[in-house]
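Using the working numbering, read the sequence shown as starting at 1 and increasing by one per residue. Here the structure comes first, spelled out in structure tokens, and everything after it is commentary.
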Amino acid sequence: MMSVAPARPGLTAAALTIQLLGGFSVRVGEHVVPSTAWRLRKAAHLVKLLALATGHRLHRDQLCDLLWPEIEPAAAYNNLRYALHVARQALASAGMMVLPMQQGIVLLAPDAPVVIDVEVFIAAAVHCTDDLAQYHASIALYTGDLLPDDRYEEWTTAHREDLRARLHDLCLACAQAHAARGEYAEALPLVQRVVAAEPTHEDAHVLLMRLHASRGHRAAAITQFARLRTALAEEVGVAPSAASQQCYTDIITGIYPAVPPLTEAALPASPGAPTLPVPLTRFIGRARECAAVADLLTQRRVVTLLGAGGCGKTRLALAVAGDEVANYPDGVWLIDCAPLTDAAQVAQTVATTLGLRGEGGRPPLAVLTQALRSRHLLLVLDNCEHLLDACGALVVALLGSCAHLRVLATSRAALEVAGEATWRVPSLTLPGAQASLEDLAASEAVQLFVDRACWRQPDFSLTAENAKAVAAICRRLDGMPLALELAAARLNVLTVDQIVTHLDDALRLLSAGGRTAIPRQQTLRATLDWSYGFLAEPTRLLLGRLAIFAGGCDMAAVES
């Protein structure tokens, strides 16, 4: 049964607030949508699914597969249309028009601020440090399991288990923080909460044993091991691990194993070893840019390279980072954010890349801030544009705790954090209109085109015969590295003169990237689609309207 609840601690005012932990309720501003407004159960499920989805959007096919998996697509689409109608009516009763469908994508509320209690809890858990107040505040946000009335809906299971695991990690980490202060009585109920919910959680049982032993309660510690052994045998059919049995042996022989202190985690052996990928192609030019960025890193602790897709941000960052290895005794580490889709993955990915693992389920950010506190290292955060808030929050937390850390980021937009220096990556140098053959050969754009052309035609070189066409290609493509590489790749089927002719249809022409390239850089259209995919709906609408200005425009023209 769906419940109507007041706002919970930790939730800020928003146009649309959805609560999924401990029950389902929806508020529009200060108005609660009554449970009677959800005349159709699937209409409420639709809203729940969108609230849980990344970006609060799902394709209609995904919704149909999740809500009506056993019926024909046409019937499922009809059901979806009706469920949308009912859900819109429910939200309209509180004064909000939402749930548009655009090009097959159903969006929750694209033009309104939205707060989901699940997201508030995850953000708090991810950004927890070893501060006890933060731990307790984060744990308080978990007001119950996800959608208990929908526990038998398959689409809730993975989300529910993930959230419960996050809660248990927080409880164990908070208990360890208390134990580090000698506050064993305060730690006990936190660990007992985990064991009660997950009787086979071996780490929690062992921590309880240690807490009891640390308080001098030997019998309670021995009893706890017996409970662990029984739970594992009955539910999993295995015996306790060697580590658990050693803890038990120590206790019965009079050795009271203390709770492990929250010591500084160690980076992997040989932290100065190469952690950057080895490029498959030659790095062309950019000497001035490398020097400028390296100099900026000596003055600022976070530098963000800005530019459009394909302008060479990543390659420049890797070149600078490679030159800086000797200046960072604890290594230079590349974190590729492009594959990440969830803000909660950022800190975990950094910790995994560095080989760090939180003992007792400590949150990744707490592990990172402690492990890197005295380290001298450079983090290269690549492709941050779709996770700006998460990357920015991580950078702020790390720089605030780790005095010798530097961050070099690449993004299509600034992180907007205090102390950030932004540096826009320019195009490669272009030949002049009346450049000689020697001047053409000195142009970075020409050098890149010729170098990549040799991958398709090993005997290709810049000559008096092809110089004019090569220069035209470089100028038409504005010295953009990705576009030049894609153009050079067409030399397997076209001459340079034919490439010039076909540049009027650049999106079709520049579509022959190598198979080893990442998908979004195999064609120019894919690069544009990658960028377009992360635009908010109002921004997409504005971009479409700006398309009428073929030669560019000023602000006055836009506003008119």
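Note that CB positions come from ideal geometry on N, CA and C, so glycine has one too.
(request) Please classify D169: is it buried, with 16 or more other beta-carbons within 10 angstroms of its beta-carbon, or exposed? (result) Position 169 of the sequence shown, counted from the start, is the residue given in the question as residue 169. Buried.
(request) To the nearest angstrom, report how far apart V86 and C64 are at their CA atoms. (result) If you number the sequence shown from 1, residue 86 lands on position 86. If you number the sequence shown from 1, residue 64 lands on position 64. Cα to Cα, the separation comes out at about 16 Å.
(message) Less than 7 Å between the beta carbons of A317 and V380, yes or no?
(response) Locating residue 317 in the sequence shown gives position 317, where the first residue counts as 1. Locating residue 380 in the sequence shown gives position 380, where the first residue counts as 1. Closer than 7 Å, so yes.
(message) My output table needs one value for A409: the three-state DSSP class, helix, strand or coil.
(response) The residue labelled residue 409 in the question sits at position 409 within the sequence shown. A409 falls in the strand class under three-state DSSP.
(message) Just to confirm my understanding: we take R166, look at its own chain, exclude 5 residues before and 5 after, and list those with CB closer than 6 Å. What are they?
(response) As a working mapping, residue 166 is identified with position 166 in the sequence shown. Closer than 6 Å at the Cβ level, and outside the excluded window around R166, lie A125.
(request) State the start and end residues of the unbroken alpha helix (DSSP H) segment that holds I251. (result) In the sequence shown, the residue the question calls residue 251 occupies position 251. A242 to I252 is the extent of the alpha helix (DSSP H) around I251.
(message) Would T54 and T341 qualify as a contact pair, given that the criterion is a beta-carbon distance under 7 Å?
(response) Against the sequence shown, residue 54 aligns to sequence position 54. Against the sequence shown, residue 341 aligns to sequence position 341. Taking 7 Å as the Cβ cut-off, T54 and T341 qualify as a contacting pair.
(message) Given a cut-off of 7 Å on the beta-carbon distance, is the pair A562 and V195 in contact?
(response) A query on residue 562 cannot be resolved here, the shown segment of the chain reaching from 1 to 560 and no further.
(request) From the DSSP output, in three-state form, read off E289 for me. (result) Position 289 of the sequence shown, counted from the start, is the residue given in the question as residue 289. E289: helix per DSSP, three-state reduction.
(request) Kindly list the residues whose CB is nearer than 8 Å to the CB of I499, restricted to its own chain and excluding five residues on each side of it in sequence; keep chain order. (result) Translated into the one-based positions of the sequence shown, residue 499 becomes position 499. So the qualifying residues of the chain are A469, I473, A487, R490, L491 and L509.
(message) Going residue by residue through the segment 195-245, where are the continuous alpha helix (DSSP H) segments of at least 4 residues, counting only ones entirely within it?
(response) 202-214 and 218-235
(message) Using a 10 Å radius around the Cβ and a threshold of 16 neighbouring Cβ atoms, would you call I139 buried or exposed?
(response) As a working mapping, residue 139 is identified with position 139 in the sequence shown. In summary, I139 is buried, with 16 or more beta-carbon neighbours lying within 10 Å of its beta-carbon over all protein chains present.
(request) May I ask you to verify whether the segment 396-407 touches the segment 146-159, counting CB pairs closer than 8 Å and requiring at least 3? (result) no
(request) Give a yes or no on whether the C-beta atoms belonging to L84 and L99 are separated by under 7 Å. (result) In the sequence shown, the residue the question calls residue 84 occupies position 84. In the sequence shown, the residue the question calls residue 99 occupies position 99. Their beta carbons are under 7 Å apart, which means L84 touches L99 by this criterion.
(message) I'd like to check one pair, P199 with A231: are the Cβ atoms closer than 7 Å?
(response) For this step, residue 231 is matched to residue 231 along the sequence shown. For this step, residue 199 is matched to residue 199 along the sequence shown. Taking 7 Å as the Cβ cut-off, A231 and P199 qualify as a contacting pair.
(message) Considering only DSSP beta bridges, list what D382 is partnered with.
(response) For the purposes of this step, residue 382 is identified with residue 382 of the sequence shown, where counting begins at 1. In the DSSP output, where bridge partners are listed per residue, D382 has D336.
(message) Please report the distance separating the alpha-carbon of A220 from that of A213.
(response) Indexing the sequence shown from 1 puts residue 220 at position 220. Indexing the sequence shown from 1 puts residue 213 at position 213. About 8 Å.
(message) Taking 8 Å as the limit between beta carbons, can you name the residues of its chain near C128, skipping five residues before and five after?
(response) Taking the sequence shown and counting its residues from 1, the one referred to as residue 128 is at position 128. Contacts found: Q134, Y135, S138, L170, A173, P363, L365 and A366.
(message) Can you list, in chain order, the residues of its chain with a C-beta nearer than 6 Å to that of R476? Leave out the 5 residues immediately preceding and following it.
(response) Walking along the sequence shown from the start, residue 476 turns up at place 476. L503.
(message) Quick check on DSSP: helix, strand or coil for R151?
(response) Taking the first residue of the sequence shown as 1, we reach residue 151 at position 151. Coil.
(message) Can you look up W455 in the DSSP assignment and give me helix, strand or coil?
(response) Position 455 of the sequence shown holds residue 455. If DSSP states are grouped into helix, strand and coil, W455 belongs with the helices.
(request) Please classify M97: is it buried, with 16 or more other beta-carbons within 10 angstroms of its beta-carbon, or exposed? (result) Residue mapping note: residue 97 aligns to position 97 of the sequence shown, counting from 1. Exposed is the call here.
(request) Return the chain-ordered list of same chain residues with a C-beta closer than 6 Å to the C-beta of L543, the five sequence neighbours on each side being excluded. (result) As a first step, residue 543 is located in the sequence shown; it is residue number 543 there, counting from the start. Closer than 6 Å at the Cβ level, and outside the excluded window around L543, lies no residue.
(message) Going by the DSSP bridge assignment, what does H31 pair with across the sheet?
(response) Reading the sequence shown from its first residue, position 31 is the one you call residue 31. In the DSSP output, where bridge partners are listed per residue, H31 has V28.
(request) State buried or exposed for F549, treating a residue as buried only when at least 16 other CB atoms are found within 10 Å of its CB. (result) Here residue 549 corresponds to residue number 549 of the sequence shown, with the count starting at 1. Exposed, since its Cβ has fewer than 16 Cβ neighbours within 10 Å.
(message) Please report the straight-line C-alpha distance between I252 and A179, rounded to a whole angstrom.
(response) By 1-based counting over the sequence shown, the position of residue 252 is 252. By 1-based counting over the sequence shown, the position of residue 179 is 179. Computed Cα separation, rounded: 21 Å.
(message) So, for A566: in the same chain, excluding its five sequence neighbours on each side, which residues have a beta-carbon less than 7 Å away from its beta-carbon?
(response) With the chain represented from 1 up to 560, any question about residue 566 goes unanswered, as that position is not in the structure.
(request) Pull up the distance between the alpha-carbon of P240 and that of T249, whole angstroms please. (result) Residue mapping note: residue 240 aligns to position 240 of the sequence shown, counting from 1. Residue mapping note: residue 249 aligns to position 249 of the sequence shown, counting from 1. Cα to Cα, P240 sits roughly 12 Å from T249.
(request) Spatial neighbours of D111 within its chain, please: CB distance less than 8 Å, with the 5 preceding and 5 following residues excluded, ordered by chain position. (result) In the sequence shown, residue 111 corresponds to position 111, counting from 1. Result list for D111: E537 and P538, in chain order.
(message) Please report the distance separating the alpha-carbon of I284 from that of S244.
(response) Position 284 of the sequence shown holds residue 284. Position 244 of the sequence shown holds residue 244. The straight-line gap from Cα to Cα measures roughly 56 Å.
(request) Can you tell me which of D162, E30 and Y82 puts its alpha carbon nearest to the alpha carbon of H45? (result) As a position in the sequence shown, residue 45 is number 45, starting the count at 1. It is Y82.
(request) Quick one: residues in its chain with C-beta nearer than 6 Å to the C-beta of L91, no 5 flanking neighbours on either side, listed in chain order? (result) If you number the sequence shown from 1, residue 91 lands on position 91. Around L91: V98.
(request) Report, in whole angstroms, the separation of the C-beta atoms of T410 and L484, which I expect to be a contact under 8 Å. (result) Translated into positions along the sequence shown, residue 410 becomes position 410. Translated into positions along the sequence shown, residue 484 becomes position 484. Contact flag wrong, Cβ pair sits at about 19 Å.
(message) Could you tell me the alpha carbon to alpha carbon distance between D497 and T17, rounded to whole angstroms?
(response) The count along the sequence shown starts at 1 and reaches residue 497 at position 497. The count along the sequence shown starts at 1 and reaches residue 17 at position 17. Their backbone Cα atoms lie some 59 Å apart in a straight line.
(message) If we require 3 or more residues per run, which beta strand (DSSP E) segments fall completely within the segment 98-129?
(response) The DSSP assignment places 105-107 and 114-116 as complete runs of the beta strand (DSSP E) inside the segment 98-129, in order along the chain (cut-off: 3 residues).
(request) Note down, in chain order, each residue of its chain lying with its Cβ closer than 8 Å to the Cβ of H59, except the 5 sequence neighbours on either side. (result) Against the sequence shown, residue 59 aligns to sequence position 59. Cβ within range, chain order: G104, I105 and V106.
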